[in-house]
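Numbering-wise (full-length UniProt numbering), the sequence shown opens with residue 1 and increments by one.
Every residue gets a Cβ at the ideal spot worked out from N, C-alpha and C, and that includes glycine.
What follows is one structure encoded as structure tokens, with my remarks underneath.
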Amino acid sequence: MAIKKHEEIRLNVKPIFLTLYHEYVFEGPCRFGEGIQLEKEFDLHMAAEKFKGWYAQLQAAMPENVVNLLEPVKVERDENFLTKDEMIDKLAEGSEEVDLYFIGYASRPYDLALEFAQRVGKPCAITQACCASAITSAEFLARGLEFYSFEDWEDATEYMTVLRARKVMKDSKILAATRMTSTVSVSAPDSIIDPEKITERFGTRIRYVSAHELLDQISYDDPMENYCTPGRKGLNLTAEDEKIIDKETDELIAGAEECEMTREMVKKSVEANYGIQKFLDAYECNCFTAPCPDLCATRRLNQKQFTMCLNHSLNNEQGIPSACEYDLGAVVSKLMLQAIGRRPSYMGNCFTSPVRHGVRAQLPKALFFTPEHVDQKMEELGDIPNVVLTFHSVPNRRWESFDEDFRPYAIRSFARSGFGATLRYKFEEDAGQTITMCRVDPNVEKLFVAKGKIITSMGYDQTNCSMGVFFQVKDSKDFFKKQAAIGNHMPLIYGDFEEQVIELGELLGLEIVQA
1 MAIKKHEEIR
11 LNVKPIFLTL
21 YHEYVFEGPC
31 RFGEGIQLEK
41 EFDLHMAAEK
51 FKGWYAQLQA
61 AMPENVVNLL
71 EPVKVERDEN
81 FLTKDEMIDK
91 LAEGSEEVDL
101 YFIGYASRPY
111 DLALEFAQRV
121 GKPCAITQAC
131 CASAITSAEF
141 LARGLEFYSF
151 EDWEDATEYM
161 TVLRARKVMK
171 DSKILAATRM
181 TSTVSVSAPD
191 SIIDPEKITE
201 RFGTRIRYVS
211 AHELLDQISY
221 DDPMENYCTP
231 GRKGLNLTAE
241 DEKIIDKETD
251 ELIAGAEECE
261 MTREMVKKSV
271 EANYGIQKFL
281 DAYECNCFTA
291 PCPDLCATRR
301 LNQKQFTMCL
311 NHSLNNEQGI
321 PSACEYDLGA
331 VVSKLMLQAI
341 GRRPSYMGNC
351 FTSPVRHGVR
361 AQLPKALFFT
371 PEHVDQKMEE
381 LGDIPNVVLT
391 FHSVPNRRWE
401 SFDEDFRPYA
411 IRSFARSGFG
421 ATLRYKFEED
431 AGQTITMCRV
441 DPNVEKLFVA
451 KGKIITSMGY
461 DQTNCSMGVF
471 FQVKDSKDFF
481 KKQAAIGNHM
491 PLIYGDFEEQ
501 VIELGELLGL
511 EIVQA
């Protein structure tokens, strides 16, 4: 399948170098020297040397896994300061492929850079150069043009990740499987209220599919005889697909430290993931979400004997942001994190567990966790302050890249009757690991951002949606109060990317809510 992976996306950066030279030998208030220093050939020689040094620095500062550095273009102009169409045309050639122009100068053709930028309407950047960087930045920004001025090359290198992440979001499409409604999720009404704001703010597009059509076609039935689309050929699984599914099922089971499910039941969840990826491919999408309780209520998941849990884990590991419960806000937030961190994300329900007057607030015992397991974790946490729990049974086997070796994992069922494969992961093995979290608010106006450090796991040896991670934040009360206006599910990734996530949020015009 040819799903467009975010890891393949690069920021196309075009270097442009502008030179002002003198035709005549003379001195004046902005030109001084003697002998050969006042000749045209000297100007052009010095410009060539300056370009060589500038371009070498630019090449070194543009990481290949972030930037596709295009061929540089140079334009020279004399001291008459006359900008000709041929100059602009030369600079603008191929502009439709360019994401960012990086400007270098020899002398002072600042107005040429401005006229070019006004014509092509693309973002431009510069690193600090005496006079040039402040002048160019001010002249661009005052006219409403997108411009970035970096104090040094290291700053430029770091910000390319942020600009690339914005491009990733713009180049993304979410496959949204719907049952009740395509707007507000039944179980996550704290998610984005108006999906069109996703496209308006980020450029991310959404493709909708009926959840019933999707479920019909996760089968080996005749593709012309699906209940919801009779006579229209579907994307049903084939005999060739089953060979791949069998191989993936066996590899998944063989790689697990524990597997408390039958092969038959694990295979059904692998079939679901494979079928969903066929839809992602056909719809040209690279993100996914589907409803949970409202789909559960149809009884079709019980009938088909799978849940979406394993699908989300496998998607995320492959660089496809995949969110539970038709939570579009979580999908977009996972997309942000994966675009910045270049690694799989995780999400779950958020619950703070503060210690007040020496007593820890009670963890939830109903529905998800057995009382005995909760009591065990309460004792294990002791008096550690500022603890937060995030739990959903969608962990990954990879955490710090999309191609690292799988870490140890177990396979257990979601349902106590034995169906619905879920991965289980011992987060305590990563105690002390920094994590970065973010979530977009329901109105797509704010971005919650926080950091924490992993403490331990929840639910490793349990069933249902009990798999979770405890982590410590700076101030759990502040975290709770700020999250309360943003939403429940909290996407996270391993690593400290707080500053870059904040920069991305600011670039996208979001108000930052930092906890």
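Taking the alpha-carbon positions, what's the residue i to residue j distance?
i: His212; j: Gly275; result: 13 angstroms
i: Ile103; j: Arg77; result: 15 angstroms
i: Phe368; j: Cys350; result: 13 angstroms
i: Ile192; j: Ser333; result: 11 angstroms
i: Leu328; j: Met308; result: 15 angstroms
i: Pro354; j: Leu447; result: 24 angstroms
i: Leu69; j: Glu242; result: 42 angstroms
i: Glu86; j: Ala113; result: 14 angstroms
i: Gln57; j: Tyr148; result: 17 angstroms
i: Ala290; j: Lys474; result: 33 angstroms
i: Asp405; j: Asn311; result: 19 angstroms
i: Asp194; j: Ala134; result: 40 angstroms
i: Glu372; j: Ile411; result: 21 angstroms
i: Val98; j: Arg166; result: 14 angstroms
i: Pro228; j: Lys268; result: The sequence as given places Cys at residue 228; Pro does not occur at that position. Cα to Cα, the separation comes out at about 21 angstroms.
i: Phe140; j: Ala125; result: 10 angstroms
i: Val266; j: Thr298; result: 22 angstroms
i: Ile245; j: Lys278; result: 12 angstroms
Could you tell me how far apart the beta carbons of residue i and residue j are, in whole angstroms, since I believe they sit closer than 8 angstroms?
i: Glu380; j: Val162; result: Actually they are not in contact, since the Cβ atoms of Glu380 and Val162 sit about 38 angstroms apart, beyond 8 angstroms.
i: Gln118; j: Glu151; result: Rounded, the Cβ-Cβ distance is 25 angstroms, inconsistent with contact.
i: Arg143; j: Gly509; result: Going by Cβ atoms, the distance from Arg143 to Gly509 rounds to 19 angstroms, so no, they are not a contact pair.
i: Ala116; j: Ile88; result: The question names Ala, but residue 116 in the sequence shown is Phe. That pair is a contact at about 6 angstroms.
i: Ile16; j: Leu100; result: 11 angstroms between Cβ atoms; not a contact.
i: Ala421; j: Met261; result: 6 angstroms
i: Lys122; j: Ser95; result: 6 angstroms
i: Tyr409; j: Ala256; result: 6 angstroms
i: Gly495; j: Gly341; result: 6 angstroms
i: Met160; j: Pro63; result: 7 angstroms
i: Lys482; j: Val513; result: 5 angstroms
i: Phe480; j: Thr370; result: That belief does not hold up - the Cβ atoms of Phe480 and Thr370 are roughly 25 angstroms apart, past 8 angstroms.
Looking only at C-alpha atoms, which of the options sits nearest to residue i?
i: Thr390; options: Val374, Tyr346, Ser172; result: Tyr346
i: Arg272; options: Leu301, Ile253, His6; result: Note that residue 272 is Ala in the sequence shown, not Arg. Taking only the C-alpha atoms, the option nearest Ala272 is Leu301.
i: Met490; options: Pro354, Ala450, Val501, Arg342; result: Ala450
i: Asp43; options: Asp99, Ala106, Val73, Ile9; result: Ala106
i: Gln462; options: Ser413, Leu363, Lys267; result: Ser413
i: Arg407; options: Glu139, Ala138, Leu423; result: Leu423
i: Glu264; options: Met180, Cys228, Ile253; result: Ile253
i: Ser358; options: His373, Met378, Lys365, Glu372; result: A small correction: the amino acid at residue 358 is Gly; Ser does not occupy that position in the sequence shown. Taking only the C-alpha atoms, the option nearest Gly358 is Met378.
i: Lys84; options: Asp111, Tyr227, Val513; result: Asp111
i: Gly487; options: Ile198, Arg299, Cys292, Val444; result: Val444
i: Glu79; options: Ile36, Leu18, Cys130; result: Leu18
i: Thr199; options: Gln59, Lys170, Ser187; result: Lys170
i: Ser466; options: Val513, Asp383, Ile512, Leu363; result: Leu363
i: Glu154; options: Ser210, Gln59, Pro72, Thr204; result: Gln59
i: Ile218; options: Glu257, Pro189, Val186, Val270; result: Val270
i: Asp294; options: Ala515, Glu225, Glu325; result: Glu325
i: Gln303; options: Asp496, Leu215, Gly231; result: Leu215
i: Ser417; options: Ala485, Val394, Ile384, Gln305; result: Gln305
i: Ala485; options: Glu240, Arg356, Asp190, Asp383; result: Asp190
i: Ala188; options: Phe480, Glu93, Phe279, Cys292; result: Cys292
i: Val13; options: Cys259, Met46, Asn65; result: Asn65
i: Thr157; options: Asn226, Val67, Glu225; result: Val67
i: Arg164; options: Asp383, Glu146, Leu11; result: Leu11
i: Ala323; options: Gly505, Cys131, Ser185, Ala48; result: Ser185
Can you list, in chain order, the residues of its chain whose CB lies under 6 angstroms from that of residue i, leaving out five sequence neighbours each side?
i: Tyr220; result: Leu237
i: Pro223; result: Lys233, Gly234, Asn236
i: Val168; result: His6, Ile9, Ala339
i: Pro321; result: Cys287, Val331, Lys334, Leu335, Gln338
i: Leu314; result: Asn273
i: Tyr460; result: Arg424, Lys426
i: Glu146; result: Pro123
Identify, in the order they occur along the chain, each residue of the same chain with its Cβ nearer than 7 angstroms to the Cβ of residue i, setting aside the five sequence neighbours on each side.
i: Gly348; result: Thr390, Phe391, His392, Gly468, His489, Met490
i: Arg108; result: Leu20
i: Tyr208; result: Ala176, Thr178, Ser182
i: residue 522; result: The structure shown does not extend to residue 522, since the chain spans only 1 to 515, so no value can be given for it.
i: Phe471; result: Val388, Ile435, Gly452, Lys453, Ile454, Ile455
i: Val374; result: Leu363, Lys365
For residue i, I'd like the list of residues in its chain whose CB is within less than 8 angstroms of its CB, leaving aside the five on either flank, ordered along the chain.
i: Gly432; result: Lys453, Ile454
i: Pro344; result: Asn316, Glu317, Gly319, Gln338, Asn396, Arg398, Trp399, Phe402, Ile493
i: Lys173; result: Thr204, Arg205, Ile206, Arg207, Tyr283, Glu284, Cys285, Asn286, Cys287
i: Ala2; result: Asp281
Below 6 angstroms, is the gap between the Cβ of residue i and the nearest heavy atom of the ligand HEM?
i: Tyr409; result: The ligand HEM is absent from the structure shown, which contains no ligands of any kind.
inquiry  = Using a Cβ distance threshold of 8 angstroms, determine whether the segment 280–287 contacts the segment 243–251, with at least three qualifying pairs required.
reply    = Not touching, per the Cβ criterion.
query = With contact counted as at least three CB pairs below 8 angstroms, one residue from each stretch, are the segment 454–465 and the segment 418–435 in contact?
reply = yes
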